[in-house]
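What follows is a single structure, written as structure tokens, with notes after it.
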Amino acid sequence: MPNNKNQHYVPRCHLKPFTRDGEGLAINLLNHASGRVVLGAPVKNQCSRSYFYGEDLVLETLLQDEEGKYAAIVRAITAGETVDLAQHRFLRDFAYLQVSRTAAAMERRRAALVEMDHVAHQGFEDVRNERPDTSHPQIMLSTMKTWAETAKHIHDLEVLLVRNETSRDFFTSDDPAALTNRVYLQRMKDHSFGLITVGTQIVMPLTPRVAMISFDPGAYVPKGASKGWIVTDRVGDVHAINEFQLLNSVANLYFADADDAGRIGVAFAAAALRRPAERFRNWVGVQIDDDGDFERYRRATPEELQTRATRVTTYSPVYPVPSRWFSKLPFRLPLSGATNGSGVGFVRPAHMKPGIRYRTEPIPTRPLPGHGADGPNVAYIRKEALRDPAPRPMRGADLNALVRSAGRHLR
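FYI, in this note's numbering the residues of the sequence shown are 396 to 806.
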């Protein structure tokens with residue numbers, strides 16, 4: 396096979412600490428779709444596809460540069476060396492990259508695009524010009540473009556490294572970095588959160604003994620942290636971090652200790668009902684008002700979707716809700732957030748846009764008005780957003796420039 400043809404969407408440097416003796420050659424896995432356990436599977440065949448990031452190798456080369464930095468930091472952590480603030484931040488940014496770069500992330504985007512196109516054209520099929528490009532190269536480019544454009548939105552998150560001093564290991568998967576939000580999912584029972592909302596977290600295991608949690612310091616306060624580290628001796632905390640692998644993984648869970656196979660299988664069975672059947676939802680509204688600044692849309696009925704009523708279609712991820720949370724990262728009470736009353740919800744201070752009036756309110760213990768389990772009943776959309784030009788298809792050269800720009804923050 397030519398050099399760099401086999402491209403990993405979960406890099407081998409991430410899997411290496413979970414391999415046999417940390418050598419990076421063979422790894423234990425549970426394929427939960429079949430229930431099959433494989434001990435000592437070749438790492439080179441895991442989480443990879445031929446030319447996943449393109450045959451020109453430009454993006455693959457850029458990603459390999461960042462993977463090399465990540466590997467060096469993880470080696471330092473494993474060796475007990477001190478890692479500085481810049482290295483903590485790099486781990487945060489790399490974890491967000493990992494949220495975005497997997498086959499699972501790209502398949503979710505493709506499925507959402509197909510469904511959005513379907514509902515947007517109901518009643519308008521006779522005037523359709525073309526169908527969206529859902530080829531892997533285009534979906535890959537657009538997904539990575541979104542990462543490059545949004546990487547700056549997590550730079551206000553702090554980083555906590557969790558040292559595991561229990562009898563249970565952390566394990567990883569084919570979708571190892573989880574974007575989540577305890578404020579929204581647990582306190583508000585609201586799934587309508589995004590990257591800039593109050594309470595954002597990114598969780599990713601680094602080794603069987605160390606995990607990383609990136610978090611909103613305005614919403615959470617670590618208990619007993621020192622210099623960016625916190626120690627846990629509670630098996631329940633290890634389970635809380637591992638549960639994100641059970642909930643997010645597509646097919647495979649990877650673990651260092653062969654004796655853990657049975658326990659992981661039982662844990663997956665217990666978590667299976669919490670895995671969302673669908674990982675996105677589309678919301679379609681029909682216009683009911685226009686005050687010059689905002690257009691107001693009401694949830695469309697099935698009958699209205701067959702008409703040519705003016706409509707808007709939005710896409711929202713569906714996040715799994717874990718059964719427990721890391722106990723040493725409780726809420727910073729009293730919880731409050733900035734809102735302008737729109738569907739964006741409560742945003743962190745760093746993301747309050749100039750020229751928009753915000754008010755600070757207590758974070759409620761219920762969903763925001765109209766935010767039911769299947770989205771809002773009514774949505775307000777600022778007309779400037781509707782007038783933005785439609786994005787043209789992403790090209791490799793555009794993405795490379797964006798990735799280079801975003802990569803400057805990965806230090």
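The beta-carbon is built from N, C-alpha and C at its ideal position, and this holds for glycine as well.
Looking only at its chain, what residues have a beta carbon closer than 8 angstroms to the beta carbon of GLY619, apart from the 5 residues adjacent to it on each side? Short of 8 angstroms from the beta carbon of GLY619, and not among the five residues preceding or following it, lie these beta carbons of its own chain, in chain order: ILE625, VAL626, LYS723.
For the alpha helix (DSSP H) that contains ASN637, what are its first and last residues? Unbroken alpha helix (DSSP H) run through ASN637: 630-643.
I need the DSSP call for ILE468, collapsed to helix, strand or coil. ILE468 falls in the helix class under three-state DSSP.
Out of GLY623, HIS427, TYR404, which one is the CA nearest neighbour of ARG487? Closest option to ARG487, Cα to Cα, is GLY623.
Would the region 600-614 and the region 534-541 be scored as touching if the rule is three or more Cβ pairs under 8 angstroms? Taking a cut-off of 8 angstroms for Cβ pairs, the region 600-614 and the region 534-541 do not touch, as fewer than three such pairs fall below it.
Taking C-alpha atoms, which residue in PHE675, ARG694, LEU641 lies nearest to LEU668? The closest CA to that of LEU668, considering only PHE675, ARG694, LEU641, is found on LEU641.
Consult DSSP for MET607 and reduce its assignment to one of helix, strand or coil. The answer is strand: DSSP assigns MET607 an E or B state.
Exposure label - LEU434; buried when at least 16 CB within 10 Å: So LEU434 ends up on the exposed side.
Are the CB atoms of ILE597 and LEU574 nearer to each other than 8 angstroms? Taking the C-beta atoms as reference points, LEU574 is found nearer than 8 angstroms to ILE597.
Separation of MET607 from GLY366, as counted between CA atoms: Residue coverage of the chain in this structure runs from 396 to 806, which leaves residue 366 outside it and unanswerable.
Grouping DSSP H, G and I as helix and E and B as strand, with all else coil, what is SER495? It is helical.
Neighbourhood of VAL438 by C-beta, 7 angstroms cutoff - its chain only, sequence neighbours within 5 removed: Annotation for VAL438: ARG407, LEU410, THR414, GLY419, LEU420, ALA421, ILE422 place their beta carbon closer than 7 angstroms to its own, counting only its chain and skipping 5 residues before and after.
Grab me the residues of MET583's own chain with a C-beta within less than 8 angstroms of its C-beta, minus the 5 sequence neighbours each way, in chain order. Contacts found: ILE758, PRO759, THR760, ARG761, PRO762, LEU763.
ARG703, buried or exposed, once every other Cβ within 10 Å from all chains shown has been counted against 16: Label assigned to ARG703: exposed.
At a cut of 8 angstroms, does the region 708-718 reach the region 634-648 through at least three beta carbon pairs? Verdict: yes, contact present.
If you draw a straight line from the alpha carbon of ILE468 to that of PRO571, how long is it in whole angstroms? Distance between the alpha carbons of ILE468 and PRO571: 17 angstroms.
Can you give the Cα-Cα distance for HIS804 and ALA490, rounded to whole angstroms? With a pLDDT of 46 at HIS804, under the threshold of 50, the predicted position of this residue should be treated as unreliable, and no value is reported.
Anyone know if the C-beta pair for TRP542 and LEU492 falls short of 8 angstroms? Yes, the pair counts as a contact, with Cβ atoms nearer than the cut-off.
Runs of beta strand (DSSP E) lying entirely within the region 576-625, each at least 3 residues, in chain order: Correct list: 595-602, 605-610.
What does a CB cutoff of less than 7 angstroms around ARG526 pick up in its chain, not counting 5 residues either side in sequence? Correct list, in chain order: ASP512.
Could you pull the start and end residues of the alpha helix (DSSP H) that VAL433 belongs to? Counting along the chain, VAL433 falls outside any alpha helix (DSSP H), though it belongs to the beta strand (DSSP E) covering 431-437.
Might you give, ordered along the chain, the residues of its own chain that have their beta carbon closer than 6 angstroms to the beta carbon of ARG496, omitting 5 neighbours on each side? Answer for ARG496: TYR404, listed in chain order.
Note down the Cα distance separating ASN772 from ARG693, rounded to an integer number of angstroms. When only Cα atoms are considered, ASN772 and ARG693 end up about 6 angstroms apart.
How is the beta strand (DSSP E) around GLY732 delimited, first residue to last? Note, GLY732: beta strand (DSSP E), 731-734.
Could you check the C-alpha separation between LEU445 and GLU544 for me, to the nearest Å? First, the amino acid is wrong: residue 445 is Ser here, not Leu. GLU544 has its alpha-carbon roughly 26 angstroms from the corresponding atom of SER445.
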